Ligand SMILES: Cc1cc2nc3c(=O)[nH]c(=O)nc-3n(C[C@H](O)[C@H](O)[C@H](O)COP(=O)(O)OP(=O)(O)OC[C@H]3O[C@@H](n4cnc5c(N)ncnc54)[C@H](O)[C@@H]3O)c2cc1C
């Protein structure tokens with residue numbers, strides 16, 4: 023029988039753990055907590071799970087990162103994606119996994135040199151399968167690349183998946199926790215939607231539960247997994263967390279035969295404009311570094327003008343700079359025929375790495391601040407948060423604890 027998510031109209035009166043937020047991070051947390059034998063209730067303010075930031079994402083994952091900690095988190099996630107059915111107990115559950123590769127293309131010597139240095143560091147961190155290619159080597163594999171591409175770095179094991187299936191899979195597996203291989207008996211999750219949490223109860227510096235629009239729950243532990251709303255939710259327990267929600271768009275371009283359906287995720291190193299094949303067309307993005315941070319939004323407003331910056335070949339971050347077929351697509355008028363835009367917010371922390379673990383009153387835990395990498399890093403991050411709260415891992419081994427000293431660092435372009 024097809025596994026189902028356990029929904030309830032009202033939360034149970036008590037639970038071992040309350041998770042606030044039902045995006046990918048809340049559902050992954052529920053999976054690991056249920057596997058560890060905890061009774062879990064997930065409270066989601068919206069009418070359905072996985073409908074705010076999570077579906078706005080590109081669903082992509084890469085080990086090509088600029089620091090060892092995030093490589094480790096993503097590596098753990100990809101190992102689980104590769105064996106999703108076995109590790110969750112959900113036989114036949116397809117998460118749309120595609121190891122289509124990530125290709126970073128340099129148009130200048132400066133970014134080529136930056137790439138070379140990054141690959142050297144990645145090798146020191148044990149990531150040895152990133153290829154450095156000359157422009158001609160890259161064009162021999164992907165003939166549609168521009169003659170202006172001077173070199174590239176490529177990792178075939180990177181790729182993308184279907185985020186809705188991943189989120190629903192974690193929720194279904196958490197609901198039927200007894201089917202998870204190696205699960206500690208007694209665990210399981212209940213999901214309550216249209217349940218906005220407006221209070222976290224704290225007594226004698228200990229969390230004792232929450233209050234929501236669907237009822238209250240007594241619990242000794244709360245995980246805040248509220249995406250761009252994480253700071254506001256943590257403030258309900260009197261805790262200050264720095265998260266800078268920053269709008270990011272995604273352009274969906276279905277049915278564009280000019281897009282090679284076997285192309286990798288293709289990124290321009292200079293601008294970070296990128297695209298990948300999807301829906302017999304492409305998804306295209308550009309993370310403009312000038313976009314100011316702001317308040318969290320639900321829904322996130324969309325600005326159509328943003329899309330022209332990617333598609334108009336005259337733009338300084340046009341997709342056509344790396345892959346000239348985008349010029350033809352524009353000149354033929356094709357991209358604008360069926361396009362649509364989605365927007366979400368990156369949940370930037372000051373060092374662009376997530377907050378994982380306890381902070382403030384006993385029993386309060388953060389699982390957020392993934393800074394645009396929650397699909398790829400959230401699986402490893404959620405396993406870690408659950409291990410910390412059950413005592414299976416010690417706080418001393420956690421470089422991503424929320425109260426770490428924040429070091430300024432040169433950050434990733436995506
Ligand atoms: C355009 C774009 C592209 C991206 N591409 C990628 C990518 O390719 N790969 C990748 O790894 N990451 C990507 N990301 C980042 C990724 O989408 C996020 O890191 C991830 O979805 C965060 O998941 P979440 O569950 O924390 O947040 P959300 O999906 O936002 O879920 C949080 C939930 O908490 C709920 N909530 C908030 N407050 C309350 C409350 N008081 N009570 C109850 N519920 C509450 C919200 O309604 C929401 O459903 C992208 C993001 C964007 C915007």
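Numbering (this note's numbering), first residue to last: 23 to 436. Glycine residues also receive a C-beta, built at the ideal position from the N, C-alpha and C atoms. Bear in mind the structure is a predicted one, so any value in this text is a computation, not a measurement.
Three Cβ pairs or more, each shorter than 8 Å: is that satisfied between the region 81-95 and the region 246-265?
Under the three-pair Cβ rule at 8 Å, the region 81-95 does not count as touching the region 246-265.
When every heavy atom of ligand 1 is checked, does at least one fall within less than 7 Å of the C-beta of residue 498?
Absent from the model: residue 498. The displayed extent of the chain is 23 to 436, so no value can be given.
Tell me residue 441's beta-bridge partners as DSSP assigns them.
Nothing can be reported for residue 441, as the shown portion of the chain is limited to 23 through 436.
Based on the DSSP secondary-structure assignment, which residues constitute the bridge partners of residue 120?
Listed as beta-bridge partners of residue 120 by DSSP are 182.
Measuring CA to CA, which of 301, 317, 318 and 330 is closest to residue 308?
Answer by Cα proximity: 330.
Opposite residue 303 in the DSSP bridges: which residues?
Per DSSP, 300.
Which residue marks the beginning of the beta strand (DSSP E) containing residue 402, and which one marks its end?
Note, residue 402: premise wrong, no beta strand (DSSP E); alpha helix (DSSP H) at 396-412.
I believe residue 385 touches residue 243 by the beta-carbon criterion, under 8 Å. Please report the beta-carbon distance rounded to the nearest angstrom.
In this structure residue 385 touches residue 243 by the C-beta definition: roughly 5 Å separates them, less than 8 Å.
Please name the residue in 91, 428 and 284 whose C-alpha comes closest to that of residue 148.
In this structure, 91 is the residue among 91, 428 and 284 with its C-alpha nearest to the C-alpha of residue 148.
Please return the same chain residues whose Cβ sits closer than 6 Å to the Cβ of residue 275, not counting the five positions on each side in sequence.
Within the same chain, residue 275 has close Cβ partners 303, 304, 357 and 361.
Residue 298 and residue 75 closer than 8 Å at C-beta
Between residue 298 and residue 75, the CB-CB gap reaches or exceeds 8 Å.
When you compare the CB positions of residue 199 and residue 190, do they come within less than 8 Å of one another, or not?
In this structure, residue 190 does not lie closer than 8 Å to residue 199 by Cβ.
Meets three-Cβ-pair contact criterion under 8 Å: the region 130-147 and the region 218-230
Contact between the region 130-147 and the region 218-230 is absent: fewer than 3 CB-CB pairs across the two stretches fall below 8 Å.
Identify whether residue 153 lies in helix, strand or coil by the three-state DSSP scheme.
In this structure, residue 153 counts as strand in the three-state DSSP scheme.
According to the Cβ coordinates, are residue 236 and residue 217 closer than 8 Å?
Residue 217 sits close to residue 236, with the two beta carbons spaced by under 8 Å.
For residue 483, which three-state DSSP category applies?
It is not possible to answer for residue 483, since the shown part of the chain is limited to 23 through 436.
Sequence-distant residues of its chain with Cβ nearer than 8 Å to residue 108 (five each side left out)
Sequence-distant partners of residue 108 (beyond 5 residues in either direction) whose C-beta falls short of 8 Å from its own C-beta, in its chain, are 203.
Flag residue 272 as yes when its Cβ comes closer than 7 Å to any non-hydrogen atom of ligand 1, and as no otherwise.
The beta carbon of residue 272 sits closer than 7 Å to at least one heavy atom of ligand 1.
Cα-Cα separation, residue 377 to residue 101
Each residue's alpha carbon lies about 22 Å from the other.
CB contact flag (residue 111, residue 209, <8 Å):
With contacts defined by Cβ atoms closer than 8 Å, residue 111 and residue 209 do not form a contacting pair.
Once DSSP output is grouped into helix, strand and coil, what is the label at residue 197?
The three-state secondary structure of residue 197, taken from DSSP, is helix.
Give a yes or no on whether 8 Å exceeds the smallest Cβ distance from residue 69 to chain B.
No chain B is part of this structure, which consists of one protein chain only.
Is any heavy atom in ligand 1 found nearer than 7 Å to the beta carbon of residue 367?
Checking every heavy atom of ligand 1 against the Cβ of residue 367, one is found closer than 7 Å.
If you drop the 5 nearest sequence neighbours on each side, which residues of the same chain put their C-beta closer than 7 Å to that of residue 408?
The beta carbon of residue 408 is closer than 7 Å to those of 51, 54, 55 and 58 in its chain, skipping five residues each way along the sequence.
Candidates 158, 113 and 96: which alpha carbon is nearest residue 170's?
Of the candidates 158, 113 and 96, the one whose C-alpha sits nearest the C-alpha of residue 170 is 158.
With a 10 Å radius around its C-beta and 16 neighbouring C-beta atoms as the bar for buried, classify residue 38 as buried or exposed.
Classification of residue 38: buried, given that the 10 Å Cβ count is 16 or more.
My assumption, with CB atoms under 8 Å, is that residue 266 sits in contact with residue 394. Please give the rounded CB distance.
With a beta-carbon spacing of about 11 Å, residue 266 and residue 394 fall beyond the 8 Å limit used to define contacts.
Classification of residue 428 by the beta-carbon crowding that lies within 10 angstroms, buried from 16 upward
Looking at its Cβ environment, which holds fewer than 16 other Cβ atoms inside 10 Å, residue 428 is exposed.
Answer yes if the region 312-319 comes into contact with the region 338-350, meaning at least three C-beta pairs across the two stretches below 8 Å, and no otherwise.
Touching, no.
Are three or more beta carbon pairs between the region 128-135 and the region 288-297 nearer than 8 Å?
Result yes; three or more Cβ-Cβ pairs closer than 8 Å.
Look at the Cβ atom of residue 285, then the Cβ atom of residue 41, and state whether they are nearer than 8 Å.
It is not a contact, given that the beta carbons lie outside the stated cut-off.
Let me know if residue 424 comes out buried or exposed under the rule of 16 or more other beta-carbons within 10 Å of its beta-carbon.
Residue environment: residue 424 is assigned as buried (16 or more neighbouring CB atoms within 10 Å of its CB, all protein chains considered).
Under the rule that 16 or more other beta-carbon atoms within 10 Å means buried, what is residue 138, buried or exposed?
Its Cβ having fewer than 16 others within 10 Å, residue 138 is exposed.
Check for me: the beta strand (DSSP E) holding residue 232 runs from which residue to which?
That run of the beta strand (DSSP E) goes 228-234.
Applying the 10 Å Cβ sphere with the 16-neighbour rule, what's the burial state of residue 43?
So residue 43 ends up on the buried side.
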